[in-house]
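The structure under discussion appears below in the form of structure tokens.
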Amino acid sequence: MTADSEDRRDFLYLTGAAFGAVGVACAVAPMINSLNPAKDTLALASTEVDISAIPVGESKTVMWRGKPVFIKHRTAEEIAEARKVNVDVLPDKQSDEDRVEKPEWLVVVGICTHLGCVPVGQKTSDAHGDYDGWFCPCHGSHYDTSARIRKGPAPKNLAVPPYEFISDTVIRIG
Amino acid sequence: MGSSERTVFENPVVEWIDSRLPVFTMMQKEYGVFPTPKNFNYLWNFGAIAMFMLVTMIVTGIVLAMHYTADVTQSFDAVERIMRDVNGGWLLRYMHSNGGSFFFIAVYIHIFRGMYYGSYKQPRELLWILGVVIFILMMATAFIGYVLPWGQMSLWGATVITNLFSAIPLVGDSIVTLLWGGFSVDNPTLTRFFALHYLLPFVIFAVVFLHIWALHVTGSNNPLGLEPKTEKDTLPFHPYYTMKDSFGVVVFLLLYAYVVFFAPNMLGHPDNYIPANSLVTPAHIVPEWYFLPFYAMLRAITFDIGIPFTDIVIISAKLGGVITMFGSLLLWLVLPWLDTHPLRSARFRPLYKKLLILLVLDFIFLGYVGSQAADATLLGIPLSVFGLIATGLYFAYFIVILPWLSKNEKGRELPASIHEAVLAKNKK
Ligand code: HEM
Ligand code: FES
Chain D
40 MTADSEDRRD FLYLTGAAFG AVGVACAVAP MINSLNPAKD TLALASTEVD ISAIPVGESK
100 TVMWRGKPVF IKHRTAEEIA EARKVNVDVL PDKQSDEDRV EKPEWLVVVG ICTHLGCVPV
160 GQKTSDAHGD YDGWFCPCHG SHYDTSARIR KGPAPKNLAV PPYEFISDTV IRIG
Chain A
829 MGSSERTVFE NPVVEWIDSR LPVFTMMQKE YGVFPTPKNF NYLWNFGAIA MFMLVTMIVT
889 GIVLAMHYTA DVTQSFDAVE RIMRDVNGGW LLRYMHSNGG SFFFIAVYIH IFRGMYYGSY
949 KQPRELLWIL GVVIFILMMA TAFIGYVLPW GQMSLWGATV ITNLFSAIPL VGDSIVTLLW
1009 GGFSVDNPTL TRFFALHYLL PFVIFAVVFL HIWALHVTGS NNPLGLEPKT EKDTLPFHPY
1069 YTMKDSFGVV VFLLLYAYVV FFAPNMLGHP DNYIPANSLV TPAHIVPEWY FLPFYAMLRA
1129 ITFDIGIPFT DIVIISAKLG GVITMFGSLL LWLVLPWLDT HPLRSARFRP LYKKLLILLV
1189 LDFIFLGYVG SQAADATLLG IPLSVFGLIA TGLYFAYFIV ILPWLSKNEK GRELPASIHE
1249 AVLAKNKK
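From first to last, the protein sequence lines stand for chains D and A.
In terms of this note's numbering, the first sequence opens at residue 40 and continues consecutively.
In terms of this note's numbering, the second sequence opens at residue 829 and continues consecutively.
Here it is, written out as structure tokens:
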């Protein structure tokens, strides 16, 4: 064989292998994609909640996308406590104003941002941690009255889900 | 595999088959006359024991699967039905759940044997690496299996462990959603875990095959760490080691049967008899005992690593924990290149021997740390401090001590051959 035809052969091998690799990737992609959330799972992605029955100082837990969502009817003291904090000292800097639509209603996903446990603090008799909000017993994360992380291994504040007030007493989450 | 020399068999049926597909020749060569060092001690039984456990897990698992349903509304009840109504179902389930534990006991001892006698050293590096791959696959399989009964520990263990992947920068959250097939550990997660739990043991089986293939290329190591030189150093595998292995398996079975019949829930966690509830996290999440040292390393990193005096975090505590945990296993993969000391067996390396035993104690202590609540204390000091120190020692052993010993440890004089060492011992 001449050097020239060897070059051509190498080229054929390489293009053949490249096409094969791309082909395999294309074949695998739909299988991996099928593992992503299915349409019915996504369809459960919004829920409406009547909040009129939640007294001041208490909260309610509802399910949204298979996760608990905490809806807290905050007292004036709790709001004041959340707002007097200097945002710069927080691990995940966010003002209370940025986390609520209406100051008396705090709506957050009740999943610890560390490794996903459900923090306690929904019942008035529960532990509330060192900052009067929620406490995650799994590895000891403390959240304040705005559900912001204050102490412990969790890196972020409890997430605020997308939600809107449809009326004064009903919110739609998702 | 095909064209090498064939044994001639007297039995015409065997001969007919063997001349077309030489499986009998292969068995004869690999398990009949296979030359095996004659100085094995009982630590060499644990490979056969692990193989026995793998088969036990597959057989009991397949029968359990015939009664099991993967569905969040039905799984817990399906397992309870296996326990109460299926004929002998309790036995199958207890054999399977405790079988996981005994499989890990066997494999941990098997790995320790490899470390103590330097079985990972040249030319057995790939054999060792395949072993570590088997161990990692076993961990995945057992973790996924524990989710199937869908109790509280199933759900929350799965939640905590899958959430680890969210620590990966940029793509972490998408990976977790992909693993879950939703927005939390839920029905799509359970069904895919069942499919994988069925599949992975067969993948393990295939890797075990490669592991043993590699073993039969290099031959076994032995307590002296010397390569056999003449026929005097070895014995045919059958009947010598088929007998010894069978004896070991029976003794191991006695212990296993004791636990299955008399203490079947000793190694489990009572919370897993509470149906999964996504609104309530158990106060104290613990994984199965065989994961505890690794779980402790995961939790050891409780601080962010960043640029000092700024808020810039390079590695968050969460990511740091994940890297530490996976790193602790990756170290095993590169062990042949961390310990390059020319002597294999710890028998001839007094310093190495002592330090390896310290590593084992450190590992067991990590297991204790992993079993305790995150805010536990010991002697008034937070346990997490001890966890961090023990993790540090574990890494130091592999990254600092082993390379240092490889250069500096003198070691004892080796006997001339296995045969001579055995004779000398018998004379005493
Ligand atoms: C490497 C081998 C295997 C390991 C380490 C393993 C481990 C486990 C573990 C730890 C559990 C949880 C037991 C409990 O707490 O109830 C489990 C459950 C289960 N496994 Fe496996 N398994 C293996 C092989 C298999 C195979 C081959 C099958 C066949 C399909 C299987 C089917 C099942 C089923 C149906 C369950 C749920 C029933 C139950 O919880 O008892 N397993 N497995
Ligand atoms: S999951 Fe909440 S502190 Fe770890």
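All residues carry an ideal CB built from backbone N, CA and C; glycine is no exception.
Since the model is a prediction, treat every value here as computed from it, not as a measurement.
With a cut-off of 8 Å on Cβ pairs, the stretch 951-961 of chain A is in contact with the stretch 1160-1167 of chain A, counting three or more such pairs. Collapsing the DSSP output to three states places CYS65 of chain D in a helix.
Taking C-alpha positions only, VAL935 of chain A is separated from GLY875 of chain A by approximately 8 Å. Under the 7 Å criterion on CB atoms, LYS78 of chain D is classed as non-interfacial with respect to chain A. Put simply, the backbone Cα of PHE837 of chain A is about 12 Å away from that of MET855 of chain A. Taking a cut-off of 8 Å for Cβ pairs, the stretch 77-84 of chain D and the stretch 1017-1026 of chain A do not touch, as fewer than three such pairs fall below it. Of all residues in the stretch 1107-1120 of chain A, the ones placed with a Cβ closer than 8 Å to any Cβ belonging to chain D are LEU1107, VAL1108, THR1109, ALA1111, HIS1112 and ILE1113, in chain order.
Within the chosen limit of 6 Å, the ligand FES reaches the beta carbon of LEU154 of chain D through at least one heavy atom.
Of all residues in the stretch 954-983 of chain A, none has a C-beta nearer than 9 Å to a C-beta of chain D.
By the neighbour-count definition (other C-beta atoms within 10 Å, threshold 16), ASN1049 of chain A is a buried residue. Those residues of the stretch 144-167 of chain D placed with their C-beta closer than 7 Å to a C-beta in chain A are HIS153, LEU154, GLY155, CYS156 and VAL157, ordered along the chain.
Here ASN1105 of chain A has no same chain residue with a Cβ atom under 6 Å from its own Cβ, once five neighbours each way along the sequence are excluded. It is roughly 16 Å from the alpha-carbon of ILE188 of chain D to the alpha-carbon of LYS111 of chain D. Look at LYS106 of chain D: its C-beta is under 7 Å from a C-beta on chain A. In chain order, LEU1107 make up the part of chain A whose C-beta sits under 8 Å from the C-beta of THR100 of chain D. Pairing SER44 of chain D with THR1168 of chain A, the inter-Cα distance amounts to about 46 Å. For TYR202 of chain D, the enclosing beta strand (DSSP E) has its first and last residue at 202-204.
For TYR182 of chain D, the closest alpha carbon among the candidates D:ILE212, D:ILE90 and D:VAL147 is that of D:VAL147.
Within the model, the alpha-carbon separation for VAL891 of chain A versus MET885 of chain A is close to 10 Å. One alpha carbon belongs to ASP1099 of chain A, the other to THR864 of chain A, and they sit about 47 Å apart.
With a 10 Å radius around the Cβ and a threshold of 16 neighbouring Cβ atoms, ALA92 of chain D comes out exposed. Of A:GLY916, A:ARG941, A:PHE852 and A:PHE1021, the smallest CA-CA separation from VAL1088 of chain A is found for A:GLY916. Separation of LEU1038 of chain A and SER1173 of chain A (C-alpha to C-alpha, rounded to the nearest whole angstrom) is 24 Å. The distance from the Cβ of GLY860 of chain A to that of PRO1064 of chain A is about 7 Å, consistent with a contact at the 8 Å cut-off. Under the Cβ criterion of 7 Å, THR1062 of chain A is not counted among the residues facing chain D. Each of A:MET894, A:SER1212, A:PHE963 and A:ASN1093 was checked against the Cα of GLY1149 of chain A, and the nearest Cα belongs to A:SER1212. The three-state secondary structure of MET102 of chain D, taken from DSSP, is strand. Judged by their CB atoms, ASN196 of chain D and ASP131 of chain D are nearer to each other than the 7 Å cut-off. The C-alpha of LEU1043 of chain A is placed about 10 Å away from the C-alpha of PRO951 of chain A. For SER925 of chain A, the Cβ falls inside the 6 Å cut-off from some heavy atom of the ligand HEM. For TYR182 of chain D, the enclosing beta strand (DSSP E) stretches over residues 180-182.
Within the stretch 1012-1033 of chain A, those residues whose Cβ lies closer than 9 Å to any Cβ of chain D are, in chain order, SER1012, VAL1013, ASP1014, ASN1015, PRO1016 and ARG1020. For the stretch 57-72 of chain D, no residue has a beta-carbon sitting nearer than 7 Å to a beta-carbon of chain A. The continuous stretches of beta strand (DSSP E) do not include GLU858 of chain A, and DSSP gives it neither H nor E. The C-beta distance from PRO1115 of chain A to TYR1123 of chain A rounds to 5 Å, short enough to fall under 8 Å. Secondary structure within the stretch 963-1007 of chain A: the alpha helix (DSSP H) runs of 4 or more consecutive residues, fully enclosed, are 980-991 (chain order).
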